[in-house]
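Every number in our numbering is 2 more than the matching position in the sequence shown, counting from 1.
Note that beta-carbon positions come from the ideal geometry of N, C-alpha and C, so glycine has one too.
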Amino acid sequence: MSSRKPASPNKYLPFVIIAVVLGVALAGAALLYQSSTDTARTARLDEPPSTAAQPTAALPPRTPLPGAQPPRTRGSSGENTATLEEFGDFQCPPCGAMHPIIKAIEEENGARLRVIFRHLPLSNHVHAFNAALAAEAAGRQNRFWEMHDALYEKQRSWSTAKDARPLFAEYARTLGLDVTRFNSDIKAPEAVARVRADMERADSLGINATPTLLINGREVAYSTVDDLRARIKNAVAAGGQ
3 MSSRKPASPN
13 KYLPFVIIAV
23 VLGVALAGAA
33 LLYQSSTDTA
43 RTARLDEPPS
53 TAAQPTAALP
63 PRTPLPGAQP
73 PRTRGSSGEN
83 TATLEEFGDF
93 QCPPCGAMHP
103 IIKAIEEENG
113 ARLRVIFRHL
123 PLSNHVHAFN
133 AALAAEAAGR
143 QNRFWEMHDA
153 LYEKQRSWST
163 AKDARPLFAE
173 YARTLGLDVT
183 RFNSDIKAPE
193 AVARVRADME
203 RADSLGINAT
213 PTLLINGREV
223 AYSTVDDLRA
233 RIKNAVAAGG
243 Q
């Protein structure tokens, strides 16, 4: 009976090297694609949307969608009040960085500035939609803004969790909410509808990056925090015009 002589291991070495090189190249391409996609969809604080691509004058003053509930608003509602509207994603790192800046701007301008928050959870942030629902569930107990602030301030904790919902419930407990009701409201169709309405508003305005800021209904492009402050100060001085 004849037998086949085993092949030398060195015979396969070139194929192993080729496979390793291809694997590294494919992994690098995948990481590059993911990075470019995330950058395109999430506006960085130091790289606001281009005014050439999205001219300020092209966006009309906002009008409510038919049947939509009033937006989440903090501050004065007087006729001569300037309005700062944010389209934000609670899991978006630049939004988290913007949060204390907006709070400081609110304090600087007091009753002369009204702040509106619109939900725009991006699909590449796995907990963002549930975080928006958590804020809306808290809002059903009149604690929307308290949960809004907590979600941004604790973003690093919950955004890396496998399941963020238990942490949301813990924040609700800390805020003194009825946690049983909170856990029910976070699944409520009304909460989902409210988040969807904000997303539709963003889509109708061609907004797909966070944070995107509007002053008196028009998108604002800014290069620095001081630039943003100056633009808001001018709007406040103009009495919301």
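Give me the Cα-Cα distance between D229 and A223, rounded to the nearest whole angstrom.
Stepping through the sequence shown from its first residue, residue 229 is reached at position 227. Stepping through the sequence shown from its first residue, residue 223 is reached at position 221. Taking the straight line from one Cα to the other gives about 9 Å.
Same chain, Cβ closer than 7 Å to I103, five either side skipped, listed in chain order
Position 101 of the sequence shown, counted from the first residue, corresponds to residue 103. Scanning its chain for C-beta atoms nearer than 7 Å, with the 5 sequence neighbours on each side dropped, one finds around I103 the residues V227, in chain order.
Per DSSP, H121 forms a beta bridge with which residues?
To locate residue 121, count along the sequence shown from 1; it is residue 119. Its beta-bridge partners are G90.
Please classify N132 as buried or exposed, where buried requires at least 16 other C-beta atoms within 10 Å of its C-beta.
Locating residue 132 in the sequence shown gives position 130, counting from the first residue. Looking at its Cβ environment, which holds 16 or more other Cβ atoms inside 10 Å, N132 is buried.
Could you give the distance in angstroms between the alpha-carbon of M201 and the alpha-carbon of K164?
Here residue 201 is taken as the residue at index 199 of the sequence shown, counted from 1. Here residue 164 is taken as the residue at index 162 of the sequence shown, counted from 1. C-alpha separation (whole angstroms): 25 Å.
When DSSP labels each residue in this structure, what does T58 get in the three-state scheme?
Taking the first residue of the sequence shown as 1, we reach residue 58 at position 56. Residue placement at T58 cannot be trusted, given a pLDDT of 38 that sits under 50; what the coordinates show is reported in the next sentence. Of the three classes helix, strand and coil, the one that applies to T58 here is helix, per DSSP.
Assign A193 to one of three DSSP states: helix, strand, or coil.
Taking the first residue of the sequence shown as 1, we reach residue 193 at position 191. A193 falls in the helix class under three-state DSSP.
Quick check on T39: does DSSP put it in helix, strand or coil?
As a first step, residue 39 is located in the sequence shown; it is residue number 37 there, counting from the start. Note that T39 scores a pLDDT of 40, beneath 50, so its modelled location is shaky and nothing firm can be said.
From the DSSP output, in three-state form, read off L169 for me.
For this step, residue 169 is matched to residue 167 along the sequence shown. It is helical.
Assess contact between the region 210-218 and the region 82-89, defined as three or more Cβ pairs (one per stretch) separated by less than 8 Å. Is contact present?
yes
What residue range does the alpha helix (DSSP H) around T182 cover?
If you number the sequence shown from 1, residue 182 lands on position 180. Residues 181-187.
Looking only at its chain, what residues have a beta carbon closer than 6 Å to the beta carbon of C97, apart from the 5 residues adjacent to it on each side?
Translated into the one-based positions of the sequence shown, residue 97 becomes position 95. Only G90, D91, T212, P213 meet the Cβ criterion.
Let me know the secondary structure DSSP gives R198 once reduced to three states.
If you number the sequence shown from 1, residue 198 lands on position 196. Residue state, collapsed to three classes: helix.
Between the region 163-177 and the region 107-124, can you find at least three pairs of beta-carbon atoms closer than 8 Å?
no
I need the straight-line Cα distance from W160 to D151, nearest angstrom please.
The sequence position of residue 160 within the sequence shown is 158, counting from 1. The sequence position of residue 151 within the sequence shown is 149, counting from 1. Between W160 and D151, the alpha-carbon positions lie close to 13 Å from each other.
Could you give the DSSP three-state label for T176: helix, strand or coil?
Position 174 of the sequence shown, counting from 1, holds the residue named residue 176. In the structure shown, T176 falls within a helical segment according to DSSP collapsed to helix, strand and coil.
With 16 other CB atoms within 10 Å as the buried threshold, where does E110 fall?
For the purposes of this step, residue 110 is taken as the residue at position 108 of the sequence shown. So E110 ends up on the exposed side.
Classify R145 as buried or exposed, calling it buried when 16 or more other Cβ atoms lie within 10 Å of its own Cβ.
The residue given as residue 145 occupies position 143 in the sequence shown. The residue is buried, with at least 16 neighbouring Cβ atoms inside 10 Å.
Helix, strand or coil: how does DSSP classify A163 here?
Position 161 of the sequence shown, counting from 1, holds the residue named residue 163. Correct three-state label for A163: coil.
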